[in-house]
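Right, one structure below, let's go through it.
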Amino acid sequence: MEIISQDSSALSILFPGLFKLLSFGDVRDSMKFLVTGGAGFIGSHLVRRLAPLGEVTVLDNLSTGRESNLQGLPCRLLLGSILETEKLIKALEGVSHVFHLAAMVSVPESVQKPDLCRQINVEGTRLILESAAQAGATRVVLASSCAIYGNDPAMPKQEDLPPAPLSPYAESKWEGEKLCASAPLSAIALRFFNVYGPRQDPHGPYAAAVPKLLAAAAAGTPLPIHGDGQQTRDFVYVEDVTAALTHVATQSSCQGVYNVASGQSVSIMELARTILSVTGSKSPLEHLPTRLADVRHSSASIQRLQTTGWKPSFTLASGLKRMISSS
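Residues in the sequence shown are numbered consecutively from 1, following our numbering.
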């Protein structure tokens with residue numbers, strides 16, 4: 001890892017607070033991308049996919065991301081928040097495509113900290129769109145969420161369903177999509193369903209289902225199931241998600257909003273049984289209280305994105321096996 005040195009007194013004036021510019025490997029001099037939240041789970045996988053295509057800059061405050069996720073990848077990491085205008089302007093220099101993944105992503109956390117959620121997810125997105133347009137970027141791709149659909153009984157979820165957000169997180173993502181629709185540059189929103197894959201954090205109160213269940217299976221401890229386990233989700237492997245991100249960013253015909261999912265819905269109980277099967281674990285199941293603002297059923301229509309030329313490559317079983325082998 002190379003730390004690019006700059007005059008510290010100038011930096012203290014221009015960028016108060018923590019500021020580092022790090023270089024990971026050799027950076028290609030062709031297309032230029034910015035990935036906000038690029039040191040996180042999905043972001044670091046996206047950086048790996050983008051690296052062969054051009055120069056990649058990552059803006060991340062490492063609140064949940066890790067420098068180690070980018071180790072060995074040809075990119076530049078700018079430490080800072082999307083809410084820090086000076087750092088955002090620096091990160092956008094010469095950038096043509098922006099992938100905006102930095103966000104508060106936990107539904108339970110958003111319920112506990114609604115004001116912070118709005119500041120990061122709504123005001124942060126506003127700053128990204130305005131600054132990207134001023135910097136001359138051609139397109140922004142926003143990581144949105146299936147949480148926007150809420151508990152609407154219509155299945156599968158299609159992009160034209162009316163929003164029914166149940167949490168501050170879901171509401172903030174819907175607000176972000178509206179900002180994209182009125183942005184002064186091309187902006188696309190991808191509604192991620194339940195993304196899983198390597199480097200996903202299995203620990204903490206806001207951990208996602210797949211890594212948490214896999215960690216329990218590996219340790220031989222009970223697999224935690226919130227509620228009765230009959231709630232359904234559409235789990236999509238992270239490589240399919242990064243393929244969708246790069247696809248819509250580079251296809252001029254893509255516009256508006258797209259679901260990103262596998263197109264196959266399973267219950268949490270089915271997920272747990274699949275994990276026990278692929279790992280050979282004998283762990284029992286443990287039922288826990290239902291989580292706050294949890295959506296009961298989620299099933300995606302991916303037809304709209306498929307008509308543009310993208311399609312998922314991983315089933316749940318093949319994705320889990322890939323995730324385990326990559327650990």
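C-beta: ideal position from N, C-alpha, C; glycine also.
{"query": "Straight-line gap, G136 to S96 (C-alpha atoms, nearest Å)", "result": "7 Å"}
{"query": "N- and C-terminal bounds of the alpha helix (DSSP H) containing P108", "result": "107–112"}
{"query": "Supposed close pair L127, L88 - CB separation, criterion 8 Å", "result": "6 Å"}
{"query": "Anticipated Cβ contact below 8 Å, A103 with L59, distance rounded", "result": "In fact, because the Cβ distance is near 13 Å, the residues do not count as touching under 8 Å."}
{"query": "Within-8 Å CB hit, Q112 to chain D", "result": "Among the chains in the structure shown there is no chain D, since it carries only a single protein chain."}
{"query": "A217 versus A170 - alpha carbon distance", "result": "30 Å"}
{"query": "N-terminal and C-terminal residue of the beta strand (DSSP E) that A293 is part of", "result": "First-last for A293: undefined, no H or E at that position."}
{"query": "Reduced DSSP category for V95 - H, G, I as helix; E, B as strand; rest coil", "result": "coil"}
{"query": "Nearest-angstrom beta carbon gap, H203 and P289 [assumed within contact, 8 Å]", "result": "Actually they are not in contact, since the Cβ atoms of P289 and H203 sit about 19 Å apart, beyond 8 Å."}
{"query": "Residue environment, L21, which counts as buried when at least 16 other CB atoms sit within 10 Å", "result": "Because L21 carries a pLDDT of 49, less than 50, the predicted location of this residue cannot be relied on, and no value is offered for it."}
{"query": "CB contact flag (S144, F193, <8 Å)", "result": "no"}
{"query": "S327 and P198 closer than 8 Å at C-beta", "result": "yes"}
{"query": "Test item: CB-CB of V257 and E175 under 8 Å", "result": "no"}
{"query": "7 Å CB neighbourhood of E286 in its chain, flanking five on each side removed", "result": "P222, L223, P224, I225"}
{"query": "Contact under 8 Å by Cβ, C146 with I188", "result": "no"}
{"query": "Nonlocal neighbours in the same chain, by C-beta distance under 7 Å from I82, ignoring five residues either side", "result": "T36, L59, L88, A102, G124, L127, I128"}
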